[in-house]
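What follows is one structure encoded as structure tokens, with my remarks underneath.
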Amino acid sequence: MPTYAYACKDCGHAFDIVQSFSDSSLTSCPECEGTLRKKFNSVGVVFKGSGFYRTDSRDSKGSTVSAAPAAPASTAPAPAAAPAASVPAAAAS
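Going by this note's numbering, the residue at position 88 of the sequence shown is 88; the numbering climbs one at a time, nothing skipped.
What follows is the structure, encoded as structure tokens:
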């Protein structure tokens, strides 16, 4: 279950609470019964270390995946642009 951060608009009391996704947001401060607002933080998942990205250097001996050649570019002609809508002569003046 995720942890949500709340802050009171009236007294400034801030706290974290573990809630289910299906639980509704809290609306009143447990300290002063004031109005709460949900604080949004950065992403909760952080990948640290090496090996998470394709650009990370890896040991050439341990790699079993070989680089695939790039697919050739398509030789089909690009579709023609749609003709512009004609403007009636009365509307143009």
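Backbone N, C-alpha and C fix where the C-beta goes; we use that ideal spot for every residue, glycine too.
When we look at the beta-carbon of residue i and count the other beta-carbons within 10 Å, is it buried (16 or more) or exposed?
i	result
A6	Strictly speaking, residue 6 in this sequence is Tyr, with Ala absent from that position. The residue is buried, with at least 16 neighbouring Cβ atoms inside 10 Å.
C29	buried
Leaving out five residues on either side along the sequence, give the residues of the same chain with a beta carbon under 7 angstroms from the beta carbon of residue i.
i	result
F15	Y6
S25	K38
If residue i and residue j are in contact, beta carbons under 8 angstroms, what's the gap, nearest whole angstrom?
i	j	result
T35	V18	Incorrect: roughly 21 angstroms between the Cβ atoms, too far for contact.
What residues in its chain sit with their C-beta under 8 angstroms from that of residue i, if we drop five residues either side in the sequence?
i	result
C32	C8, D10, C11, H13
N41	A5
T27	T35, L36
V1	Position check: residue 1 holds Met in this sequence, whereas Val was assumed. Correct list, in chain order: V18, Q19, S20, F21.
Please return the same chain residues whose Cβ sits closer than 6 angstroms to the Cβ of residue i, not counting the five positions on each side in sequence.
i	result
T55	none
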